Every structure is written in structure tokens, then in C-alpha cells.
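A.B. asks:
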Amino acid sequence: MTALMPVLTSRWANERSWTLEAYQAAGGYQALAKALTMPPEEVLNLVKESGLRGRGGAGFPAGMKWSFLPKPDGGPRYLVVNADESEPGTCKDVPLMMADPHGLIEGAIITSYAIGCHSAFIYLRGEVVHVYRRLLAAVREARQAGLLGESVLGSDFSLELTVHAGAGAYICGEETALLDSLEGRRGQPRLKPPFPAVAGLYARPTVVNNVESIASVPWIVDKGADWWKSFGTETSTGVAIFSLSGHVARPGQYEAPLGITMRQLLDLAGGIRPGHELKFWTPGGSSTPMFTAAQLDVPLDYNSVSAAGSMLGTRALQCFDETTCVVRAVSRWMDFYAHESCGKCTPCREGTFWLRAVMRRIEAGQGKMEDLQILEDIPKSIVGRAFCPLGDGAPSSLVSSLRFFRDEYVQHIELGRCPYDHTASYLFQVVTP
Amino acid sequence: MTAPDQVTCTIDGVEVAVPKGTAIIRAAEEVGIMIPRFCDHPLLQPVAACRQCLVDVASPAGPEGKLRAFPKPQPACAMTVTPGMVVSTQVTSPAAKEAQEQVAELILINHPLDCPVCDKGGECPLQNQAMATGRAASRFTEPKNTFRKPLALTPQILLDRERCVLCQRCTRFAMQIPGDPFIALQMRGANQQIGRFDPATLGFAVPPDELADQSLSDPVTPDGEPFAGYFAGNIIQICPVGALTSAAYRFRARPFDLVSTESVAEHDANGSTIRVDYRRGTVLRRLSGNDPVVNQEWISDKDRFGFRWQTASDRLTTPLLRRGGELVPASWSAALAAAAEALGQAAAVGVLPGGRLTLEDALAYEQFTRRVLKSGNVDFRARPANGEEAAFLAHQVAGTGLGVTFEELVNAPAVLFAGFDPEDEGGILYLRLRAAKTPVRALAPFTSRAIRRLGGTVHQVAPGQEAAFLDKMAQDPATEATAGTVIVVGQRLVHSPGGFSAALAAAKKHDAKLVWIPRRAGERAALEAGLLPGLLPGGRFDQAGSAGLDVNQMIEAAAAGKLDALVLGGLEVSDLPDPELAAKAFGKAKVVALNVRREEVSPYADVVLPVAPPQEKAGTYINWEGRPRPFPQVLKSAGLSDAAVLRALAAKLGFELTLAEPGQGQSALADLADLAEPSVRCPAPKQAPGPAPVLAEDEVLLSTWHQLVDDAAGLADEPRLAASAPAPVVRLAPDTAAGLGLTQGELVSVATSRGRIVLPSVIDPDMLEGVVHLPAKSPGSWVLSSLGAASGAVVKLALAASGTEEGEK
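Keeping their order, the protein sequence lines are chains X and V.
FYI, the numbering for the first sequence is -8 to 424, going by this note's numbering.
FYI, the numbering for the second sequence is 7 to 815, going by this note's numbering.
(1) Going along chain X, which residues have a C-beta under 8 Å from Asn146 of chain V?
(2) Mind listing, in chain order, the continuous alpha helix (DSSP H) runs of no fewer than 4 residues lying wholly within the segment 223 to 262 of chain V?
(3) What are the boundary residues of the beta strand (DSSP E) that Trp522 of chain V is part of?
(4) Is the segment 523 to 540 of chain V in contact with the segment 371 to 391 of chain V, if contact means three or more CB pairs nearer than 8 Å?
(5) Of all the alpha helix (DSSP H) runs that stay within the bounds of the segment 308 to 391 of chain X, which reach a length of 4 or more residues?
(6) Closest to Arg525 of chain V by CA distance: which of V:Glu366, V:Ala468, V:Phe313 and V:Arg387 is it?
(7) How many Å lie between Cys245 of chain V and Ala180 of chain V at the Cα?
(8) State yes or no: is the C-beta of Val72 of chain X within less than 9 Å of the C-beta of Ala111 of chain X?
(9) Do Val282 of chain V and Gln621 of chain V have their CB atoms nearer than 9 Å?
(10) Is Met(-8) of chain X close to chain V? Criterion is C-beta to C-beta, closer than 9 Å.
(11) Identify each residue in the segment 370 to 391 of chain X for which the Cβ-Cβ distance to at least one residue of chain V is less than 9 Å, and report them in chain order.
(12) Does His330 of chain X come within less than 9 Å of chain V when only Cβ atoms are used?
(13) First and last residue of the beta strand (DSSP E) that includes Thr279 of chain V?
(14) I'd like to know if the segment 197 to 211 of chain X and the segment 285 to 299 of chain X are in contact, where contact means that at least 3 CB-CB pairs between them fall below 8 Å.
(15) Locate the alpha helix (DSSP H) running through Lys39 of chain X, then write down its first and last residues.
(16) Counting only beta-carbon atoms, is Ala171 of chain V nearer than 9 Å to chain X?
(17) Could you tell me which whole alpha helix (DSSP H) segments of length 4 or greater appear in the segment 245 to 272 of chain X?
(18) Below 6 Å CB to CB, which residues in the same chain sit around Ser388 of chain X once its five sequence neighbours on both sides are set aside?
(19) With distances taken Cα to Cα, identify the nearest neighbour of Ala2 of chain V among V:Gln672, V:Glu606 and V:Leu164.
(20) Among V:Asn601, V:Pro25, V:Ala82 and V:Arg440, which residue has its Cα nearest to the Cα of Asp367 of chain V?
(21) Taking only the alpha-carbon atoms, compute the straight-line gap between Ala156 of chain X and Val464 of chain V and give it to the nearest angstrom.
(22) Quick one: which chain X residues come within Cβ less than 8 Å of Val300 of chain V?
(23) How far does the beta strand (DSSP E) with Gly237 of chain X in it extend, from its first residue to its last?
(24) Quick one: what's got a C-beta closer than 7 Å to Pro785 of chain V's C-beta in the same chain, skipping five residues either side?
(25) Taking the C-alpha atoms as reference points, what is the distance between Glu431 of chain V and Arg438 of chain V?
(26) According to DSSP, is Asp219 of chain V helix, strand or coil?
(27) Just tell me which of V:Gly745, V:Ala807, V:Leu793 and V:Ala731 has its CA closest to the CA of Phe311 of chain V.
(28) When the Cα of Glu354 of chain X is compared with those of X:Pro386, X:His403 and X:Phe419, which residue comes out closest?
(29) With DSSP as the reference, please indicate the residues paired to Trp788 of chain V in a beta bridge.
(30) Under the rule that 16 or more other beta-carbon atoms within 10 Å means buried, what is Asn116 of chain V, buried or exposed?
(31) When the Cα of Phe222 of chain X is compared with those of X:Glu166, X:Asp292, X:Pro185 and X:Gly117, which residue comes out closest?
(32) Helix, strand or coil, according to DSSP, for Tyr114 of chain X in the structure here?
(33) Using 9 Å as the threshold, is the C-beta distance between Glu578 of chain V and Glu605 of chain V below it?
(34) When DSSP labels each residue in this structure, what does Ile31 of chain V get in the three-state scheme?
(35) Are there 16 or more other CB atoms within 10 angstroms of the CB of Asn296 of chain V, so buried, or fewer, so exposed?
(36) For Ala234 of chain V versus Arg291 of chain V, is the C-beta distance shorter than 9 Å?
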């Protein structure tokens, strides 16, 4: 198996890769021209056939999602690109949009064509203002070049693409909360059914897809479903971006076929930073259960990671070496979830509040042995009880850390302090004046 | 066997068939299983936020229909039952029970343990749930979330945020039921909270220049806060914890010390079911009853908070007698003797019983007037009225029993309002219409808040010109009215002569239904009792032509010295067609008044006989549907009903009145109708619409009606309620404003030869040009008293220099 397979990332290193000129010079927008010669159903079937699964975390087959839209009734249908990338560790969409915004725009146009949408939206995380500017500029360029607007590439297909910046809420990455936010309401998840495919944005049929999923579409159209399926595994086809971060020698985005292992990726990234060894890692971001060195050979595809007890999620591979206090790491994650809980449902709102308080106490050396029971029980009160999947994912790191590193929690409680020297885990130098 | 629109499912082993679309939680109620809940409310859309109602669900799936269990427990409030579904609640499923206990533990961690001082303690769903399934001791030892408390959402609704479980019942009520979204969720996570737009909470304010862009025609309270609507008090009642409390009730009682009596609200003609809670002889609060056919589970703030008038400090406890020009307390025997003497000596007597009587009291007034006083001069309409209306009521309404009901009205294909605003003059009717999404149209000079929130359309008609519109409708076969349309006529149609005649003709022409909705609780009962000249109980018409004088004629006659004595019930001089003339009339005649309090008419009286307010007597209201609304006596009282006082007075005059048993007025009325000779109905009025008035340069037409909460006598002693009402403004069209050189907010004067009213202006682009609208009886805007004019009158409009004195009452 070829280790690296740059597809979506293949243009990132080109000179001024984000410009329309550079994108077209690298063959950009040819897939769009090709798609416009095909009937829309054919494009949809092509994507269905490719087996492309959603890259936003849940891994739902993209083509199937599109085919859930009811038959056209003359009213509007919408495509919404979920670019609200905000999970700790997840950092693939932002660089993609920075380096290759036209790749996303081309994918959005082709997808819109396939599903019969004339008004598409990119819902972008509000904090990344630089990405916002870049997307706005790219959309402007595309419109001027006749790639968007009344007549796309001279065809009778029209499309308006709107880039919308959110206001900075993790919950708005949940598709129905995203839709509420896009409509100008408070971003909180909606009751399903109805599902977005039936009543999404402005209560109209809507497809919501992740940036990376949509950016994969032009490649599938251009090179064919079989080419796409030649990468990855049977149920997890194609290539995907793996984001390595943390205590690795060369952190960054590694694009490879699905099914590559963490061991192979670590080799590509030069291993754990010199002189250290891997302690734990997350396969799909902070809301997926953590792994240790024991899972280094688990193929990173949807099914294998699930079988190993975690989730492929967004392939946010955060690596932590032996200098890391797992209690401290989990405590930070609990801070995140307590801060980002939208507050709608009791289990997530109150549960994350409680877990944060307990974790902070244990980290500060004020834990009690009874706290461990709380840490065991409260996640059970959240998972499967919360309103949306974000609540279900909130205690994942805690639960898995207790499975692998319960002793460390006990140590904190017994010692009445943290046994670790945090400065040893820093990835930067601490300069004392 | 299952009916076509029924779905059969199994809940805890019990099979139940329920209508399609029923939520699991409702289906479980059908078989007597109570699934705990906080956010669920049967009249609100499900939100599934509290997660307290989680249950195990399995439903048939696949071609063979094998039962497949949902991997995790499902919210029973949001999931609807499907055929063959098998639900296991906390009763039979340990997993569901565990899930509910887990959620209960989490809901309580940030909830204060202040039940001993909380208003809700003792009637609190959260307390009950904690007692039923909670842990004996909390495992939560961290500091709880705290907030500054309480937060005043309105002058009468206080919020203790730390008690709130964020079920969103209040915000959903505000959004979904009245459409007054004055509160919303803000912040997130454990900091999430209910609130109004409050810069102190949100950490930011709207820049002043953006604020100026906001529609200034949205009403504000006298304090400048956005108006929260007339139904906000309902959120206190539906709050499942003690987070929302009533400022008037807070800390004043324990639920288990209260005695609750179901009663009927006295403030409007809907006859809403209420619950009156009292302790040691003092009513402390009123809640909405649960009456699916009338008010469902909602009441207006007027019905909820406006009850202290019955025990106001000026409540009469003894009769009063005029001695040496002063009203002084007197014994019953002295007072009755004086009253009997005054009435006995009078050659001509008139009776104005007012529009707030129970049927029993109205029947007593009828007997007293016609049998004892031998007079036909009786009119319940203590408000602007005309002969056409009397004929209309006698012809169309009296004695017709249950007519158009709430159900029929809200499910009508279209409803047309003439001389009636469905919220200000309809109260809870507005909520019923909004819930049913009834298509409504109104004849009005502008789109009122109610019509706007009902999504209705307005046929722009100048005040007083409704008759012409209806007349055209009656002539025109191609009108918008379809069969089944309901035309609602309000009492304001008296200001458009010919209006009632035209409404009858239009309804006949288009096979539309016609319903009269008065403002006051007692008007329909008084009509049934025959308290109109020429009308006998049960709608029979007095053919003999010995009809008496109506309210206008009585006042004119008394002012001219042609009536020697008047019997007045509970009525306000300021509500009468011409308050100045009425004052003169009451000054001239001998007046016997039956009053609860020292009322507006008391000073004119020679004898004041105290009568019991509604909560101290039993009786029957008849609501606008024609539905009898009997209610029991709430408080023990030495007070006498109007009927009892009239009987005593009749006895002094040598007559014996046969009174209806309190609460049995309906059967007494039926008995009267049985005795009657074949019923003769009053012929329909046939009056042509009057001409449109010609306006001079500085003249405009006056549009006015009563705001639901205003200076009504029944809202006395409720300063908090008054503070929550919209501040009065003069509403006028942009062109009218431009003609004056007026900018929005500037003071404008509306004047007649009698006086003037000065109020801030609101420029409404939607307003008909040449019309101004102001509230009929709000602070600083007592239209009848100050202007001696009513809707449709010609008034003079002028800029008022700022600093001018308030409009005089």
C-alpha cells in the first residue's frame, strides 16, 4: 500500500494555490465541466457508487444522503456545507479551505447540480476570519469567471453560493443546530424527525455535508467511482486527510487511503518526538474514545476503528507521549465540553458541568475516592440520554481514560497532587525572565 | 379492531388505541401510566429538552415486521406512537427507570434546596419527581450555579434563574401561544438562562442608532420596557418548578394552606374557568382552570391578576345614606326604607343595572323593574349604545341559547371582525384563534397587534364606516365572504349606525354566521333576562309596545328632570355614552345604587346598598357563546347578592320577588320561557348606513377601543398589572403626521369642544390617513370623559407643545 496519497491535498503546495488561476492551471473546474454534461442523477449515482462516506465524523454515505431528498416539487432545495470545524484536534477543513478554497467551491457546485439546488451555503466557524476572507475572495473570483451565478459555465444551471460565518459555537457543527443558526436563530439542535433531507433549511429539503466530503466530489467525478474505490477498504473507500498533532516529530495533514494504520502514519510523521514514546492518542478527535500503543495497528477505516472500541470521527490524531498527565488532558477536554454544551438538554448541560468540577478537583489534588464512582456513573447518565450526538461524545475521552489509566486518577487522589511535571510535556520552551 | 385514524400500540403490556400522531406520553396517560416530565406540555410543541420522560421503545421493522428495539431510550413526549409499537416505561423497564433516575439526579444538581421558602413547594412537579425517584442524599458536592435573583421579567413576573430547569415551557408558550416572544434562552451550557434582552446578562447592548431603527410602534409599558403581552402570567402557572413566580403572590402562602375553588372569571364575556385560591378568607391568587371547550388552560393577565378590586379598601361594608349632603353609614333597615321611599314616591323610574350581572341577579332586576317598579325603563348597556343594537340583540341573540361556539368560531373557514378587536376586546378568544390558525379579517383603520399576530388581513375602514362596508357586502354577490364565514360583531358597531342592520343582511346574503361578542361578563345574561326596553326574559318581545326608555333616553330624561329616580347597578359614569350628561342626570334624580365599592356612581347616590362581589356569591354568567357558566361561592361572606338586596327592597315596597337559586339561573330562565306564550321575536333592524363625515383641514376621525388592561374598575388595586400594560399613544398615519410636521414620539393633542387628550405619537405606515387611534380608557386617555366623543367622532388634531399637562381624566 502506498503510504501517502495526496488527492485533496495535492495542490496545497502550489504557488498561490488559493487563486482561481493556480487552481485552473492544476486542472481545476474540469470536473465541473464534465459534470454539467451529465444528467444530475448520473452525478448522484456516481457518488453513490464511489462509496464516499461523510468526512464530518459520522461517516454516513454521501450519495445515499443526497438520494434521501424527496422528489423535486418546484420549491427550493439547499446544500449546506458544514465548515464549522471546532472539535479539539480536528484541523483538516481549515487548511483545506485556506489552501484550496476552489476545490470546495467546485465540489459545492457539482453537488448542487446533482441534487437540484440553486442556492448553496458554506457555514464557516466564526473564529477563522482569515478563512472567511479567503472563501469570500474565492467565491468572488468564481462568480466573475462565470462559475457561479445565473449560468454556470454557460449552461442553464444557476447557483448562488453564500459564505456565512458563525458566531463561535461547537454546537453549530451539529447539522440541525447549524441550520437554525444559519436561519438566524439560536444554534441548538432540532428535534428529528423531520430530518434535514425533508425539512432542513427554511423547512425545505436540505443536504448538509462536511467540507472534505464535498471537496472529494470533483475527484470522483473527474476520475470515476472505480478510481476512488481503488483506495481504502471495501466499506471505507477513497482517501482522507489524517491530521496528526501533539507530540509527533512532524505534525500536519497526511492524506492517505482509509485503512492506513497509526503506526504507518507515525512513521510518515517521523514518529513521536525524539526520546519519547506514545502514551495515548485519539483516533477521531476529543469526542472519540482514546487509544494507546496497543491499537497502533488498527486500520483507520470506519468499521475497524468502531470494532476496536472507538470512532474514526474526523481523523484528528492527537498524540500524547509519556510526559502527559492524562487527568490533565481529560480535564481540559471536560472544560471544553462544559463550555460548549449548548444547554438544551439536561444530561449534557448538567453532566458536563459536574464532570468539569470533579475533574478540576482531582487535577488540583482535592479528589476523593468516591469521585471515581461519579466519573464512572455520570457519563452513563449522559450517553444515550442526551439530545444530540455531541452530548453522547462529550465524556468519551474520560470513559476511555479511566479504562486505560485508572491508576493515574487514583494516584492523583492519593498523593493529593498531580505527579507530573507539566513543563516536560510542553511543545514550546518556557522562558523564565 | 382499530379505526382508520387510530393507532394501536402496547404500553407496559397494555394495548391501547390512540389517534394517529399521539405522543407516547399521551398514549400512556390513556392507560393510566404517568411518565414523569418537565418540558412536555400538552398544548405546546414538544422540545424533548429535559429528557425526563425517556422510555424504552421497540417497533416492528423490516418485511416481517419483527420487533426492533431502539438502541437508546426515547423521549416519550416527542415520539409519536406507530402501529405495533411496544413501549416499556419506568413501570416495566429497569433501563427506562434507570435513565429517568439518572436524568432526575442531573436536573437536581444545580437546583437549590430552597423548597421550604419556595412558592412552588408543595405543588412542584420537580419536588414530586425528586420525592418519587430521586436519591435520598445528593452525590453532588460541588458549588452550585447561582444567579442574581429575582429578575423581574415584567412588573408582575419574577424569575429565579437558579431554580430554572430550562424546560422552555415559558419561552415556547410566549412564542407559540400568544406570539409575544418577550423572553428567550440566552447564554449556553450551565449558564444558559431565560431572560429578556438584558445587556447586564448578555454583556452587550444594542447601539442607540440601531435601536432607533427598531419599529417604535411596538408597544412599551409605562416604564419603557417592551410590552410582554396580555397573557404572560400563564408562564407562572406552567413553570414546572418555582423559577417563575408572581410578584403579587410570592412568599405570601403555602400551596397546602390554600383552599381552591373552581370559578369563572368576571372580566370578560368568555367565561373562562379559573381556580381561586384563598387562605383564611383572603383570595391570594387565581389560576387558569382546565376547560377544553372554553379557555383550555390559559387565561388573560386581567383574569389572573385582577381580583383585588373585590376587596379594595373602598369596599362597602354597610349601606350609605345621604344625610346633610354627605353619604354616611346607615343600617340596612334605614337604608332600605329610604330607598323604598325614594322609589315609591317617584312617578317615573329608570333602572341601569350595568353589564356585569350574573343571570340570577339579572332576573331579579327584571322582576324588580317590571313587577315592582312597574316600569319598562331598563337597559343593561352601561356604555355607548343605540336602538339599532337593542333591536339587533333582541332579534338575533336573545333567547337563542348556545350559538356559534369557540370550537365553531376557530374552525370557521374565515372570520370577519366588525367593531371588535379579537385581543383587546376578545381576551382569551385571541389565543384560541391563534392556536387554530383561523383565517381572520377585520374592519379597522389599521392592523392591530392582534390581527398582525393572527396573520390576518385588514379591510381598511374608517371608524364609523363599518356599516357602509357591511352594506356593500350585503349587496355584492361577489364578496369575499364564503358560506360558513363567521361575522363577529362587537359593541363598537354602535358607532356606525346601520352596522348591525347591514351585518344581518350580509350574513343572510352570504349564508354566514353572525355572533355578537360583548366586552362585559354580564351582558349576555342580562340580555337573556330581558334587561332591555321591550324585551322579556328568554328573548320574547313585548308586542304591546309598552317598551321603556333605553340608556340614552333614560339619561336624557333624567337630565331633563323627567325621571325622578334611578336604580343603578355597578357601572361607571365614565363608561356611559355621555359622562357629562350622565353626571347631570344622576345629580338631578334620586339615585339608589347597588355597589360593591364606593364606585363612580356612589357619590351621586342618595342610598347606596352594598352588594357582594362575584367571589362572595354563587351565580351564573352566560358567555358570548350562550353557554351557561355557573360558579359557586368562593368565600363565606355576609355580603348579599344584588338579587337578595333587590328582594329586600321589593319587600319594603310590598312585593315578594321569586329569586332563582344562586347557580340555578339557567333553569329559572327555562321555567320562565316555558310559561311564556308562543315566542314573538323582535323584527330585525333595518337602518341604512349613515353618510361619511366631511372633515375640515385640522379634523380627523377618532378610532378608539379599550385595551385589554386599562383603567377598568375591575383592575383597581393592581398597580403591577397596570404597570405591565402598554403605555397609551396616539397612532396616526405618516401623511397625517407630515401634515402636522410631527415626528414620532412627539406629543400630539386630540381635542373636541369638550376637552383634549395629549399623548405621545406613533406614526404607523399602515394607518388609514385622516384617522387617529387612541386607547379608550387608559391612563391619560379617558376618551369619553375627556372628549365626550367615541369611535367615529370628528376630532381636532394639533401638535402639543412639550411640557403640556397630561390629558385630564
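Where a beta carbon is used, it is the ideal one built from N, C-alpha and C, also for glycine.
Please read these numbers as outputs of a predicted model, since none were measured by experiment.
C.D. replies: This is what the structure holds:
(1) It should be pointed out that residue 146 of chain V corresponds to Phe in this sequence rather than to Asn. One finds Trp345 in chain X with Cβ atoms closer than 8 Å to the Cβ of Phe146 of chain V, taken in chain order.
(2) Fully enclosed alpha helix (DSSP H) runs of no fewer than 4 residues occupy 240 to 244 of the segment 223 to 262 of chain V, in order along the chain.
(3) From DSSP, the beta strand (DSSP E) with Trp522 of chain V extends over Lys519 to Ile523.
(4) Here the segment 523 to 540 of chain V lies against the segment 371 to 391 of chain V, with 3 or more beta-carbon pairs under 8 Å apart.
(5) Correct list: 317 to 331, 337 to 354, 360 to 373 and 380 to 384.
(6) When C-alpha distances from Arg525 of chain V are compared across V:Glu366, V:Ala468, V:Phe313 and V:Arg387, the shortest belongs to V:Arg387.
(7) Rounded to the nearest whole angstrom, the C-alpha separation of Cys245 of chain V and Ala180 of chain V is 12 Å.
(8) Result yes, Cβ atoms of Val72 of chain X and Ala111 of chain X sit closer than 9 Å.
(9) Yes, they are a contact pair.
(10) At Met(-8) of chain X the pLDDT is 46, less than 50, meaning the model places this residue with poor confidence and gives no usable figure here.
(11) Cβ contacts with chain V: Lys371, Ser372, Ile373, Val374, Gly375, Arg376, Ala377, Phe378 and Asp383.
(12) Residue contact check for His330 of chain X against chain V: a CB pair falls below 9 Å.
(13) Counting along the chain, the unbroken beta strand (DSSP E) around Thr279 of chain V starts and ends at Thr279 to Arg285.
(14) Taking 8 Å as the limit for Cβ pairs, the verdict is that the segment 285 to 299 of chain X does not touch the segment 197 to 211 of chain X.
(15) Run containing Lys39 of chain X: Pro31 to Ser41, per the alpha helix (DSSP H) assignment.
(16) As written in the sequence, residue 171 of chain V is Val, which differs from the Ala given in the question. Residue-level contact check: Val171 of chain V touches chain X, since one or more beta carbons of chain X fall below 9 Å from its beta carbon.
(17) 253 to 259, all fully within the segment 245 to 272 of chain X.
(18) When the five nearest sequence neighbours on each side are left out, the beta carbons in the same chain lying within less than 6 Å of the beta carbon of Ser388 of chain X are those of Ser277, Met281, Val321 and Trp324, in order along the chain.
(19) This structure cannot settle anything about residue 2 of chain V, because the visible part of chain V is limited to 7 through 815.
(20) Measuring C-alpha to C-alpha distances from Asp367 of chain V to each of V:Asn601, V:Pro25, V:Ala82 and V:Arg440 identifies V:Asn601 as the nearest.
(21) Computed Cα separation, rounded: 40 Å.
(22) Under the 8 Å cutoff, chain X gives no residues; its nearest Cβ is about 31 Å from Val300 of chain V.
(23) Element bounds for Gly237 of chain X: Val230 to Gly237.
(24) If we look at Pro785 of chain V and ignore the five residues flanking it on each side, its Cβ neighbours are Asp717 and Pro734.
(25) One C-alpha to the other measures close to 14 Å.
(26) Only weak support exists for where Asp219 of chain V lies, its pLDDT of 47 falling under 50; the coordinates are left without a value.
(27) Cα-wise, what sits closest to Phe311 of chain V is V:Ala731.
(28) Cα-wise, what sits closest to Glu354 of chain X is X:His403.
(29) According to DSSP, which records beta bridges pairwise, Trp788 of chain V is partnered with V:Lys783.
(30) Under a 10 Å Cβ-count criterion, Asn116 of chain V is classified as buried, with 16 or more other Cβ atoms of the shown protein chains found around its own Cβ.
(31) Taking Phe222 of chain X as reference, the option from X:Glu166, X:Asp292, X:Pro185 and X:Gly117 with the minimal CA-CA separation is X:Asp292.
(32) Tyr114 of chain X falls in the strand class under three-state DSSP.
(33) Yes, Cβ-Cβ distance for Glu578 of chain V and Glu605 of chain V is below 9 Å.
(34) Helix at Ile31 of chain V.
(35) Classified as exposed, Asn296 of chain V has fewer than 16 neighbouring CB atoms from the shown chains inside 10 Å of its CB.
(36) At least 9 Å separates the beta-carbon of Ala234 of chain V from that of Arg291 of chain V.
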